[in-house]
Each structure stands twice: as C-alpha cells, then as structure tokens.
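*Asks:* Dropping a structure here in structure tokens format, bear with me for questions.
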Amino acid sequence: MLMASSRYPLKYDNYTYSQIHDLLAYGAELSWFQAMCTECDESNGACIREDNKIRCRHYCYEDTPLSERSFGCKLEYYAPYLLLVAIVIGGLIGLRLLCGIPCLIGLVIYKSKKRHSSMKKSEIIQEIVSQRIDITPINYSYSEIKRMTGNFAAKLGEGPHGTVFKGKLRSGPFVAVKMMSNSSSSDKDSIAYVSMLSRIIHPNAVKLIGFCVKGEKRALVYQFIQCGSLDKHIFSANPSLSYREMFKISLGIAKGMAFLHDIKILHLGIKPENILLDEDLRPKISDSGMEKLYSSRGHKGKMGFVAPEVFYKNIGEVSSKADVYSYGILLLEMISRLMQSLKSYDNKSGEIYFPWWIYKQFCEGKYSEIFRDADEEEKMMAKKMVLVGLWCIQIRPEDRPSINEVVKMLEGGIELVQMPPMPFQRGMGDEKLEKS
C-alpha cells in the first residue's frame, strides 16, 4: 500500500484546495507501508485504512458467487431464512408446550387418583387422608383389591357377612379388606350403603377408605385396627382388661353410637365382634348398618344382643333404642367376664342369666363384695356400668334411655344413676333366680 508523507503532517481525511496546493508546491514523498492483507485478500475482503489503522472490510457484492463470499456475507445472505426457521421452530415448541402442559397436569391428576397419595394423607391418609367428611371413598377395581391383599393371603377373620383380609395400600398403610358374602341387595343398594358409610367420620368408628362393586365381587376397604376385636379380649382364658380400661372402652362405644344416631344411622349389630380396639385401646365401631343390608336374608344379628322388638312387633317399633338394648347387653357381658375371672360369678352350667343375677346382688346391696378387688374409684366405674346396662335392657323401648343420656350417665356422678326397674318379666326372672 502506498502512503503519502510530507513535512506537513497529514491529520485530516478531507483536504481543502489550498492544502492540496501547498502539498504539491512543497513536494511529497511516496513510501511503501507494509500491511498484512494476505488473509483479507484470501477472504475476498478489501484492505483499507481507517483511523490510521489497517482494517479488512468485506463488501457483499451481488455479482460475487456465493461460494466465494466471506462468512459474514454468507451469514448476511442467509439471515432472513435463518430467522424464518427460528420462528417456525419456536412456534412448534410453543405449541407443544401449550398442548403438553394440560396433558401433563391431567396425567399427574390421573396418577395421583390411581395411587391415592399418602392419603395421608394421610393419609393419612389415613388419619391422614382422614377426618374430613368431604373425602370420597376410592372406587377400587377387583384387580386392585387382589393386589393389595396379596391375592387374599392373610385372613383376619370371618363372619356371617363376609371374610376379612389384611392388605396394604401402595402408599404404605395397612388396611382391612372385607370381602362381602352374596346378598340380595342390588348394586344401587350397595353403593347407597357405601355412601352411608362414608359419612361416618368419628374417633370411635372405623373409617371407610374405599370399596369395590363389580358384579358379585363386593369389598369394603377399612383402616386397619391393630389390636383386633373386643371379643378376643373379654372372652380369652385370662381377660387382661382392667376396670378403668373397660370403663374407657364402654364410654368410647357410647360416644361412637351417639354420633351414629345423631346422623340418623342405626347400627343394629352392636356386639363384641364389631368393636375393634386400637393400640391405645380406643374402641372403634365397625359394620354399621350391615344387618340392614342383609336383613332380606332373614339374618337379624347375634342372639342375645338383639332387642326383643326386632322379633316381637307388639313390643314396639325398631328404632335407635334397639341399639341401646344391644349396648346394655354388651356392658353386662364385659362385667360378667370380669366377674368370672375374679370367681365372683360362676356360670359354668349356663343356667344363670347374668343380668338377673347381678340385679339381685345390687338389690341386696352386695355390689361392694362383688368388686372386692377394686379400689373405690374402680367400684364406682363398675357400678355405673352395671346400672347403665340394666337401664338399657329394659323390655319396652320407651323405658330405655337414649344413647346420649347413656353418655351423660357414664360421665356424671354415680348419684345421677338410679336403680332401674327389673328389666325382664318377673315370672321368668323369679324362675331363673330360684335356680341360682
């Protein structure tokens, strides 16, 4: 590259005529300025001077073949096309996100319903998933019932209405799965029964977690109660329940029944087998209303615990007082088992009806002798259980207290519980008492 030099420094890019005249008048020298423009030439660029520096500038001439243009010129040429491709790709990605997010949310909701979270939710689910009235029981398929029970591997018990198996939810908690025996009830009746059970949310009632109604395959999925049913505790060879524990259980059962009656549900099957105990010996009522579901088959409950009006319509209509009668028998059954363990009451021959026997002992003022091993507080607890039990088994329903009145009597002082009338026909009672 040729550069002009003179005694006058060249500081401007634009010169006046006078400056050019002076330059020519005084003379100018030409000298070679070595610039490294080889790479610029190879890239089809032009080597120029800008701000006293040598720069390589590319001019994108349209008549220059594309293959000979510089990278910058090629990028400038393809820019509109690249922009169009970017817009198309961005649109496709946005469309996929727009459609994909709702699908992903729907999939998550579907999976969560299938796996019913740690319902505890707890569950939590369970206690979790648990003490809210608006929680709807899960509708399981029969294959899910088989999976949670390990193909019905662990049998917990069997009764007139079905067989109970131990199961486990995917979320972890154990459950009790009751496979119901065939009844004449329709699918509609079964769903109505499940709907009724779903309303029962109380500390003293077993919680329904789910159900299965698939043709003849019908199952109820309950929370698992660790210590089993009350009958296993009071009918064992060596009953282990103390006075205080029995009183606590009695009060808990009464509170659970009061809740059922408040929401207009009759149990009609109160008996030791339907009272479950958790690890804290808190009673939980199970199989509420089951007897009504199977009533068309002629089953009316366990003999001895069924109120007389269930069999004899002339006594009165079947109402909540029928449950009260069953509860009274249950209280006296618990006391009788304790008496047998203490040798206070011996009925090996089966001829002595305990309610008559205990009624006679109380009339004669011998209750302190019967509970001789108890302290004063325990004697008052046992006495209240007996008196309340005798009130509950009155023959006529109108003579029995309501279950809410039972709760008040148990929670109140002993002076609030008076001696009831003889709770059976005098002729039958005298005959039995004579045998004693």
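Every letter in the sequence shown is one number past the one before it in the UniProt record's numbering, and letter 141, counting from 1, is 141. Think of the CB as a built atom: it goes at the ideal place given N, C-alpha and C, for glycine as much as any other residue. Owing to the predicted nature of the structure, the values given are computational and were not obtained by experimental measurement.
1. Going by the DSSP bridge assignment, what does residue 162 pair with across the sheet?
2. Give the C-beta separation of residue 221 and residue 142 to the nearest angstrom, bearing in mind that I take them to be a contact with Cβ-Cβ under 8 Å.
3. Quick check: the stretch 227–240 against the stretch 159–171, are at least 3 beta-carbon pairs closer than 8 Å?
4. Closer than 7 Å: is that where the CB of residue 82 sits relative to any heavy atom of the ligand ZN?
5. Work out the CA separation of residue 210 and residue 170 for me, nearest whole Å.
6. Assign residue 424 to one of three DSSP states: helix, strand, or coil.
7. Going by DSSP in three states, residue 271 sits in which element: helix, strand or coil?
8. What does DSSP give as the partner residues of residue 210 in its beta bridges?
9. Any idea which residues DSSP pairs residue 408 with across the strands?
10. Which residues in the same chain have their Cβ closer than 6 Å to the Cβ of residue 424, if we skip the five residues on either side of it in sequence?
11. By the 10 Å Cβ neighbour count, where 16 or more other Cβ atoms means buried, how is residue 260 classified, buried or exposed?
12. Taking the alpha carbon of residue 138 as the reference point, which residue from 177, 379, 396, 326 has its own alpha carbon closest?
13. If you measure between the beta carbons of residue 272 and residue 333, is that distance less than 8 Å?
14. Decide if the stretch 212–229 is in contact with the stretch 279–289; the criterion is three or more beta carbon pairs, one per stretch, under 8 Å apart.
15. To the nearest angstrom, report how far apart residue 303 and residue 316 are at their CA atoms.
16. Determine, using beta-carbon pairs with one atom in the stretch 351–363 and one in the stretch 386–398, whether at least three such pairs fall under 8 Å.
17. Relative to the alpha-carbon of residue 201, which residue among 245, 265, 249 has its alpha-carbon at the smallest distance?
18. Going along the chain, which residues of its own chain have a beta-carbon closer than 8 Å to the beta-carbon of residue 411, five neighbours each way excluded?
19. Quick check for students: name the residue ranges of the alpha helix (DSSP H) that lie wholly in the stretch 233–267, counting only runs of 4 or more.
20. Closer than 8 Å, CB to CB, is residue 376 near chain B or not?
21. Helix or strand or just coil, what does DSSP make of residue 288?
22. Hey, quick one: how far does the alpha helix (DSSP H) through residue 354 stretch, first residue to last?
23. When DSSP labels each residue in this structure, what does residue 417 get in the three-state scheme?
24. Could you pull the DSSP bridge partners for residue 229 from this structure?
25. Taking DSSP as the reference, what is the three-state secondary structure of residue 91?
26. Using 10 angstroms around the beta-carbon of residue 375, count the other beta-carbons present and answer buried if the total reaches 16, otherwise exposed.
27. Alpha carbon to alpha carbon, how far is residue 318 from residue 238?
28. Quick one: using the 10 Å Cβ neighbour count with 16 as the cut-off for buried, is residue 212 buried or exposed?
29. Which one of 149, 338, 190 has the shortest CA to CA distance from residue 173?
30. Could you pull out every residue in the same chain whose Cβ sits closer than 6 Å to the Cβ of residue 179, ignoring the five residues on either side in sequence?
*Replies:* So, from the listed chains and residues:
1. 159, 180
2. Wrong, their Cβ atoms sit about 12 Å apart, outside the cutoff.
3. no
4. Absence of the ligand ZN from the depicted structure is noted, as is the absence of any ligand whatsoever, leaving it without description.
5. 13 Å
6. coil
7. coil
8. 138, 221
9. Note: residue 408 sits in no beta bridge, so no partner.
10. none
11. buried
12. 177
13. yes
14. yes
15. 19 Å
16. yes
17. 265
18. 251
19. 243–262
20. The displayed structure is made up of one protein chain only, and chain B is not part of it.
21. coil
22. 354–363
23. coil
24. 276
25. helix
26. exposed
27. 36 Å
28. buried
29. 149
30. 162, 163, 219
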